[in-house]
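Chemist: Numbered per the numbering used here, the sequence shown finishes at 1121, counting up by one with no gaps.
There's a structure below that I have some questions on.
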Amino acid sequence: MKIIMLGAPGAGKGTQAKMIASKYTIPHISTGDIFRANIKNGTELGKKAKTYMDQGLLVPDELVVDLIMDRFKEADCANGYVLDGFPRTIPQAEALDKALAEAGTKVDVAINVEVPDENIVNRMGGRRACVGCGATYHIVYNPTKVDGVCDTCGKELILRDDDKPETVQKRLNVYHEQTEPLIKYYTNKGILKEVDGTVDMNDVFAAIVNILGE
Ligand code: ADP
Ligand code: AMP
C-alpha cells in the first residue's frame, strides 16, 4: 500500500502517518524528519536544507526528489509506505509518478487532512518535538505525562524554529501556493480522499481506517 498524506503544515499528517504505519506495518517516511536528522548530524544536505526551512520555504525539488528516491531503495519499502510531507509541489508529484510507473507500480491513495488556517496557528504554536527521537506532542491536545519530557525516550521537548509564529504564516502561504494544487492533481487521478482533521486525533484515524480498510 502506497499512501500519501496531504494537508497544511500542522494539519496532523505526521500524527496520522505514525498511526497508519503502526497499524498497516509499513514505514512512515517524513521528508521533514529526514531533513531534521541531516541538520542534527551536520551533513551537507542538512546545511543546504536548513537555509530554506528556517525561512519557512520549501527545499528545492531536486534535493527532495533525490533524497526520497534513495529512501525508496531501502528494504522496508518493499510492501509500500506512508509519505508525510512529500510530494509538496506538482513537479515532485510528477517525479514520484514517473519513478513509480518505471517500477511498474503507483500511488494507491492520497489522504487530505482538512484543517482550516485558523486552527493551524494554534496547532503549530502548541506543537512540541522531542530532540532525541523526534516524537511529536501538543501542549493541550496531546500532552506528555511529565511536562517538557518525552514519554518515549525521556529527552527534552522543544518548539521547532519553523513553528514560531512569524514563520507559521509564511509556511501557510507557501502551502496554499505550492502544495494545495496537489489536491486537484490527485482528484484528477481519482485517488483523493478527504478527512476532517479538526476532530480528535483518534476520530481522524477512525475515518482513515474506514478509507483504507481494516
Ligand atoms: P503535520 O505533520 O501535518 O505538520 P502534526 O502531526 O505534527 O502535523 O500535528 C501538528 C500538531 O497538532 C501537533 O502538536 C499534534 O500533536 C497536534 N495534533 C495532531 N492532530 C490533532 C488533532 N486531531 N487534534 C488536535 N491536535 C492535533
Ligand atoms: P515538515 O516536517 O513536513 O513540516 O517539513 C519541514 C520543512 O522541511 C518544510 O517547511 C520544508 O522547508 C522542508 N520540506 C519537507 N518536505 C519537503 C518537500 N517535500 N519539499 C520541499 N521542502 C520540504
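Quick reminder that beta carbons are idealized off the backbone N, C-alpha and C, glycines included.
These figures come from a predicted structure and were not determined experimentally.
Closer than 8 angstroms is the cut-off here; do at least three beta carbon pairs connect the segment 1045-1058 with the segment 1001-1013?
Modeler: no
Chemist: Please look up how many angstroms separate the CB atoms of residue 896 and residue 992, rounded, as I've assumed it's under 8 angstroms.
Modeler: Nothing about residue 896 can be read from this structure; the chain reaches only from 908 to 1121.
Chemist: Would you list, in sequence order, the uninterrupted alpha helix (DSSP H) runs of no fewer than 4 residues that lie entirely inside the segment 1024-1077?
Modeler: 1024-1033
Chemist: Which stretch, first to last residue, makes up the alpha helix (DSSP H) that contains residue 927?
Modeler: 920-931
Chemist: According to DSSP, is residue 1108 helix, strand or coil?
Modeler: Secondary structure of residue 1108 (DSSP, three-state): helix.
Chemist: Using DSSP with H/G/I as helix, E/B as strand and the rest coil, what is residue 961?
Modeler: coil
Chemist: Do residue 1111 and residue 919 have their C-beta atoms closer together than 8 angstroms?
Modeler: yes
Chemist: Quick check: does the Cβ of residue 1034 come within less than 7 angstroms of any heavy atom belonging to the ligand ADP?
Modeler: Yes; taking the cut-off as 7 angstroms, the Cβ of residue 1034 has a heavy atom of the ligand ADP nearer than that.
Chemist: Could you check what DSSP says for residue 1098 in three-state terms: helix, strand or coil?
Modeler: coil
Chemist: Kindly give me the distance between the Cβ atoms of residue 1027 and residue 924, rounded to whole angstroms, as I take these residues to be in contact under 8 angstroms.
Modeler: Here residue 1027 is actually not in contact with residue 924; their C-beta atoms are around 17 angstroms apart, not less than 8 angstroms.
Chemist: Output yes or no for whether 8 angstroms exceeds the beta carbon distance between residue 1031 and residue 977.
Modeler: No.
Chemist: Please check the pair residue 1090 and residue 913, which I expect to be a contact at CB under 8 angstroms, by giving their CB distance rounded to whole angstroms.
Modeler: 6 angstroms
Chemist: I need the DSSP call for residue 1017, collapsed to helix, strand or coil.
Modeler: Here residue 1017 carries a strand assignment [DSSP, helix/strand/coil].
Chemist: What does the alpha-carbon distance come out to for the pair residue 1035 and residue 1059?
Modeler: 13 angstroms
Chemist: Between which two residues does the beta strand (DSSP E) carrying residue 991 extend?
Modeler: 988-991
Chemist: What are the start and end residues of the alpha helix (DSSP H) that includes residue 1005?
Modeler: Taken as a continuous stretch (DSSP letters only), the alpha helix (DSSP H) holding residue 1005 covers 997-1009.
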